[in-house]
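Chemist: Quick one: this structure, given as structure tokens, is what I'll be asking you about.
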Amino acid sequence: MNGLQLLGTGRCLPSRRVTNEDFARTLDTSDAWITERTGIRQRYFCAEGETAVSLAVGAARQALEDADVQPGQVGLCIAATFTADRRTPALACEVQAALGLPQTALCLDINAACTGFVAALETARCLLLGGQLAGPYALVLGAEKISSLLDFSDRSTCVLFGDGAGAAVVRLDPQAPWAAVFGTRGDGQVLHGGGPEDPYLAMDGRAVFRFAVETVPVCIRAVLDKAGLTLDAVDHLVLHQANSRIIHSIAKKLEQAPARFYENMQRYGNTSAASIPIALDEMRRAGQLCPGQTVLCAGFGAGLTWGGVLLRA
Ligand code: UT7
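Each number in the working numbering corresponds to the 1-based position in the sequence shown with 5 added.
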């Protein structure tokens, strides 16, 4: 089916750990509210000198090592991000320079917010399948410095997000199952930020919550239908880590036990495009993700966008 095989993963979190209690000291909020409403207990923010690029490089280096792939074998480097340190050059080009990826590699960023990593996987698969890349391996990154867009006096947004990066090395596997499903509902009001009129991230949390619970189960079923698989054939469900209650509501709609869905928002908050690759890396390093297993990844977020793909571990 010409799917993707996951050969290695990595993650990099910045050094400044901020707990819910830390927020409660400066904001009208509490550990109880944040934990009960979101599942989040702490997150990491970049300290002086830490950037989206430095996080991406750290995660990418680990993923190449884990995959036992040399930088010179990489034909494609895609970084999913909506919080790159600058508009140009692309974050992926800075990763190319830092890691010594070959000059023949295609390096580019994509912005599909929290759906970014899933969109990057499908983009990587299509480019690998196209046969024009100079190397057989793709380095797919999710890297975010969301703290640069947060209003730290707005309790309804700043407690939800975190900075971080995750990376995956993938290649085509003719035997691996594949299906990808995407959707977009263009809406500049529900979740937006980073513009001249709206420098900070702003969100109608309830609307995003409803949107996620409505679209993601349909998306997951569509991915399975396309691949001719049932949920039983999927070993792990790795969703974007925005809110534990969203994941539990999706599990309920799919009539699955919540334990089938990986959760790590308690440690990192919502790291947007980085959340799925960070989760994959944790699972792999903990021995939870075993060779040959099938993973279904699904993201959702600003755009509004959503998407789901399969991966072979
Ligand atoms: O990656 C995708 C991006 N975003 C998301 O996925 C977020 C999706 N949405 C959510 O996760 C939830 O909607 C939130 C966690 C953002 C909010 O939870 P909620 O249960 O939908 O709460 P709410 O927005 O309905 O707010 C309930 C109350 C409000 O007070 P009133 O109006 O009832 O008096 C808020 O002002 O909670 C208040 N509130 C807070 N209280 C303490 C909002 N933020 C906080 C806070 N601490 N940090």
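From the three backbone atoms N, C-alpha and C, an ideal C-beta is built for every residue, glycine too.
If you drop the 5 nearest sequence neighbours on each side, which residues of the same chain put their C-beta closer than 7 Å to that of A110?
Modeler: Closer than 7 Å at Cβ, skipping near neighbours: V79, G80, L81, C82, Q101, A139 and G140.
Chemist: Among all the DSSP beta bridges, which residues are the ones paired with V3?
Modeler: No information on residue 3 is available, as it lies outside the stretch 6 to 318 that the chain covers here.
Chemist: Tell me, which residues are paired with A184 by DSSP?
Modeler: Note: A184 sits in no beta bridge, so no partner.
Chemist: Kindly indicate which three-state DSSP category H245 falls into: helix, strand or coil?
Modeler: Coil, per DSSP.
Chemist: Could you work out which residue in I225, P296, T310 and G105 is closest to T14 when comparing CA atoms only?
Modeler: Closest option to T14, Cα to Cα, is P296.
Chemist: If A57 sits next to A148, beta carbons under 8 Å apart, how far is it from one beta carbon to the other, in whole angstroms?
Modeler: Correct: roughly 5 Å between the Cβ atoms.
Chemist: By Cβ distance below 6 Å, which residues in the same chain neighbour R16 in space, the five residues on each side in sequence not counted?
Modeler: Taken in chain order, the residues that qualify are A64, G171, I283 and D286.
Chemist: Give the single residue among S20, L18, P19 and I39 whose Cα lies nearest to the Cα of F28.
Modeler: Nearest option by C-alpha distance: I39.
Chemist: Of all the options G8, C51 and L259, which has the alpha carbon lying nearest to the alpha carbon of L126?
Modeler: For the residues G8, C51 and L259, the minimum Cα distance to L126 belongs to G8.
Chemist: Got a sec: does the ligand UT7 put a non-hydrogen atom nearer than 8 Å to the Cβ of V124?
Modeler: As written in the sequence, residue 124 is Ala, which differs from the Val given in the question. It does not: the Cβ of A124 is nowhere closer than 8 Å to a heavy atom of the ligand UT7.
Chemist: I think H241 touches Y205, with their Cβ atoms under 8 Å apart; what is that distance to the nearest whole Å?
Modeler: Contact doesn't hold; Cβ gap of about 34 Å is too wide.
Chemist: Buried or exposed, going by whether 16 or more other CB atoms sit within 10 Å of the CB of D237?
Modeler: So D237 counts as exposed.
Chemist: Short of 7 Å in beta carbon distance, which residues of its chain neighbour A52, apart from the five on each side in sequence? Order them along the chain.
Modeler: P19, S20 and R21, listed in sequence order.
Chemist: Do you know how far the Cα of A262 is from the Cα of K150?
Modeler: Computed Cα separation, rounded: 33 Å.
Chemist: Quick check: A4 and F50, are their CB atoms within less than 9 Å of each other?
Modeler: Shown here, the chain extends from 6 to 318; a query on residue 4 therefore has no answer.
Chemist: Is the stretch 30-48 touching the stretch 59-77 in the sense that three or more CB pairs, one from each, lie closer than 8 Å?
Modeler: No, because fewer than three Cβ pairs between the stretch 59-77 and the stretch 30-48 fall closer than 8 Å, the two stretches do not touch.
Chemist: Confirm the yes/no value for this check: CB of S254, any heavy atom of the ligand UT7, distance under 8 Å.
Modeler: S254: no, Cβ never under 8 Å from the ligand UT7.
Chemist: Determine the extent of the alpha helix (DSSP H) in which Y273 is found, giving its start and end residues.
Modeler: Residues M270 to Y273.
Chemist: Quick one: measure Cβ to Cβ for G274 and F157, integer angstroms, because I've assumed they're closer than 8 Å.
Modeler: Incorrect: roughly 14 Å between the Cβ atoms, too far for contact.
Chemist: Would the beta-carbon of R42 be found less than 8 Å away from any heavy atom of the ligand UT7?
Modeler: R42 Cβ: within cutoff of the ligand UT7.
Chemist: Can you tell me the Cα-Cα spacing of L106 and A68, whole angstroms?
Modeler: Computed Cα separation, rounded: 13 Å.
Chemist: Which residues in the same chain have their Cβ closer than 7 Å to the Cβ of I37, if we skip the five residues on either side of it in sequence?
Modeler: Note that residue 37 is Ala in the sequence shown here, rather than Ile. Counting only Cβ-Cβ distances below 7 Å, and skipping sequence neighbours, we find nothing.
Chemist: Consider the C-beta atom of H245 and the heavy atoms of the ligand UT7; say whether any pair is separated by less than 8 Å.
Modeler: Yes.
Chemist: Given a cut-off of 9 Å, decide if V314 and A185 are closer than it, judged by their beta-carbon atoms.
Modeler: For A185 and V314, yes; Cβs fall inside 9 Å.
Chemist: Measuring CA to CA, which of G233, L196 and E202 is closest to I181?
Modeler: Residue identity differs from the one stated: residue 181 is Ala in this sequence, not Ile. Here the closest residue by C-alpha is G233.
Chemist: T31 and D168 look like a contact to me (Cβ under 8 Å); what is the Cβ gap, rounded to whole Å?
Modeler: Wrong, their Cβ atoms sit about 18 Å apart, outside the cutoff.
Chemist: Quick check on the DSSP output: the beta strand (DSSP E) that includes F305 runs from which residue to which?
Modeler: T299 to G306 is the extent of the beta strand (DSSP E) around F305.
Chemist: Taking the CB atoms as reference points, tell me whether V221 and I251 lie closer together than 9 Å.
Modeler: Yes, the Cβ-Cβ distance between V221 and I251 is below 9 Å.
Chemist: Is G210 near the ligand UT7, with its Cβ less than 8 Å from a heavy atom?
Modeler: The answer is yes for G210.
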